[in-house]
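Using our numbering, you'd call the opening residue of the sequence shown number 70 and step up by one each time. All C-beta atoms in this analysis are idealised placements derived from N, C-alpha and C, irrespective of residue type, glycine included.
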Amino acid sequence: MHIHSKLPAVGTTIFTVMSRLATEHNAINLGQGFPDFPMSEELVTLVSEAMQKDFNQYAPMPGWIPLRESIAEKIEYLYQATVDPDTEITITPGGTYAIYSSLTTILQPGDEVIVFEPAYDSYIPNVEVNGAIAVKVNLVFPDYRIDWNAVRKAITPKTKALLINSPHNPTGSVISEKDIEQLRSIVKDTNIFIISDEVYEHLIFDKLPHQSILRYPDLLQRSFVCFSFGKVYNCTGWKLGYCVASAELTKEFRKVHQFNAFSCFTPTQVALAAFLKNKEAYLSLSSFMQEKKDYFKQLMQQTRFSMHESYGSYFICGSYERISDESDKDLAIRITKEAGVATIPVSAFYHNSKDDKVLRFCFSKKRETLETAVERLMKV
Ligand code: PMP
Ligand code: GLN
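This is the structure in structure tokens:
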């Protein structure tokens, strides 16, 4: 049988490749972004209670209603935005699915979507599988800020959407209020949609405010804002998230969603509906993760990597010009095999494998894991 591939240029994701290599070589996995410490026991108990109380049948297609209500309360509290849980929030099987479904909702063949590189690996395939074109704009190396003049130049009459991600994977950069002003001036009086990937909303450091699109009603009316509980509550395997969009956009989004996943795993939704009421549980996340980031960054001073700054996410990047002039992919593979530490080469987040000689490290790990990893990296 012959398949006319929808994604002919796509191979296996770098996360799978590096995690497999880490397992093969018994390496510490600072590559794929997932915690190696247990998630909240309280939340685990709430899920098992939900199952025992027999919340085990289909949840409603847009999501468990009390969970959508809790999310709306949280949004009001954090971002002073009034969002209707009935018509403007949809629970999804993960953040990636929310992004994919948002793009699928709006894109027609030939449409253009502006994507910043380095880009989280699903974005460009998500655009292309819809027959649309990803127009890539580089973030400015080495601090990975947005060059808004480059964005202006990339816009054409075919531009359908702009995809933003803050805090940013893989670089840990975050957008500021000035970026929001630029974004606003660019999209004003256009029909350009915004897809905002905010899965690291709570993992933002140095008390920086998270510039959620939810804060800006004029931007929200043209946006799909995507979140992931997996990242927030250190349970990446749950694959549960949500999309916030105006009632008009949500109506179309749900047409796509209802014939794909239809609905999401019920017990976790029941548990989260209660857990979200506990503000401290999400407000404490940034200092919890910042401690890990600061600790790892400080430990890494003993190595020959030059660490960049990370303002949010699970990740921090490091340049290795003092170590080698190998490509970042070769180095990442070599240190997995020889030193026993897996990382992600940042060139994997560029369609043309642009290699600035930078590796991404995931610091969302136990202290002991970070210590052992750095002991090994000191030998590199
Ligand atoms: N966007 C970014 C930037 C991410 O790092 C992740 C993490 N996997 C996701 C989306 C997807 O989250 P989920 O696992 O909930 O699909
Ligand atoms: N978001 C995680 C990362 O960036 C991985 C998710 C995945 O493996 N698809 O590492």
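{"query": "CB-CB under 6 Å to Ala496, same chain, minus the five flanking residues each way: which ones, in chain order?", "result": "Missing from the structure shown is residue 496; the chain here goes from 70 to 449 and no further."}
{"query": "Would you list the residues sitting across from Asn347 in a DSSP beta bridge?", "result": "The partner list for Asn347 (beta bridge, DSSP) is empty, contrary to what the question assumes."}
{"query": "Tell me which residue opens and which closes the alpha helix (DSSP H) that Gln331 is part of.", "result": "Here the sequence assigns Phe to residue 331, which means Gln is not the residue at that position. Looking at the DSSP string, Phe331 is not in any alpha helix (DSSP H), and its letter there is neither H nor E."}
{"query": "What are the residues that DSSP puts in a beta bridge with Asn299?", "result": "The residue asked about is misnamed: residue 299 is Gly in this sequence, not Asn. Gly299 is not bridged to any residue."}
{"query": "At 3 residues or longer, and completely inside the region 355-417: list those beta strand (DSSP E) runs for me, N to C.", "result": "384-388"}
{"query": "For Asp425, which option in Leu208, Ile97, Tyr302 has the closest C-alpha, if you only look at C-alpha atoms?", "result": "Leu208"}
{"query": "For Val268, verify whether its CB is less than 7 Å away from any heavy atom of the ligand PMP.", "result": "yes"}
{"query": "Could you tell me if the beta carbon of Asn234 falls within a distance shorter than 7 Å of some heavy atom in the ligand GLN?", "result": "no"}
{"query": "Give me whichever residues DSSP pairs with Pro310 in a beta bridge.", "result": "Reading off the sequence shown, one finds Gly at residue 310, where the question assumed Pro. Bridge partners of Gly310: Thr161, Ser297."}
{"query": "Give a single yes or no on whether Lys308 has its beta carbon closer than 7 Å to a heavy atom of the ligand PMP.", "result": "yes"}
{"query": "Is DSSP giving Glu321 helix, strand or coil here?", "result": "helix"}
{"query": "Between which residues of its own chain and Met130 is the CB-CB distance below 8 Å, once the five residues before and five after are set aside?", "result": "Arg323, His326, Gln327, Phe331, Ser332"}
{"query": "Spatial neighbours of His279 within its chain, please: C-beta separation below 6 Å, excluding the five flanking residues on both sides.", "result": "Glu270, Ile273"}
{"query": "Have a look at the DSSP bridge pairing and note the partners of Arg214.", "result": "Val209"}
{"query": "What are the partner residues of Asp266, as DSSP defines its beta bridges?", "result": "Asn234, Cys295"}
{"query": "Between Thr305, Phe334, Ile158, which lies nearest to Pro107 when the distance is taken from Cα to Cα?", "result": "Thr305"}
{"query": "If you measure between the beta carbons of Tyr351 and Val313, is that distance less than 8 Å?", "result": "no"}
{"query": "Quick check on DSSP: helix, strand or coil for Lys229?", "result": "strand"}
{"query": "Look at the Cβ atom of Ile233, then the Cβ atom of Ile263, and state whether they are nearer than 8 Å.", "result": "yes"}
{"query": "Should Ala411 and Met87 be called a contact, given that it needs their Cβ atoms to be closer than 8 Å?", "result": "yes"}
{"query": "For Asn238, which of Ser170, Lys448, Ala417, Ile144 has the nearest alpha-carbon?", "result": "Ala417"}
{"query": "Who are Asn260's beta bridge partners in DSSP?", "result": "DSSP output for Asn260 lists no bridge partner at all."}
{"query": "Does at least one heavy atom of the ligand PMP sit under 7 Å from the Cβ of Asn238?", "result": "yes"}
{"query": "Is Leu446 closer than 8 Å to Leu400 when the C-beta atoms are compared?", "result": "no"}
{"query": "According to DSSP, is Asn125 helix, strand or coil?", "result": "coil"}
{"query": "Can you give me the Cβ contacts of His94 inside the same chain, cut-off strictly under 6 Å, excluding the 5 residues immediately before and after it?", "result": "Thr405, Lys406"}
{"query": "Touching or not, the region 374-383 and the region 274-294, by the rule of three or more beta carbon pairs under 8 Å?", "result": "yes"}
{"query": "Inspect the beta-carbon positions of Thr225 and Ile261 and report whether they are closer than 8 Å.", "result": "no"}
{"query": "Indicate whether Leu99 and Lys448 have their beta-carbon atoms separated by less than 8 Å.", "result": "no"}
{"query": "Does the Cβ of Asp275 lie closer than 7 Å to at least one heavy atom of the ligand MG?", "result": "This structure lacks the ligand MG; its bound ligands are the ligand PMP and the ligand GLN."}
{"query": "With DSSP as the reference, label Leu428 as helix, strand or coil.", "result": "strand"}
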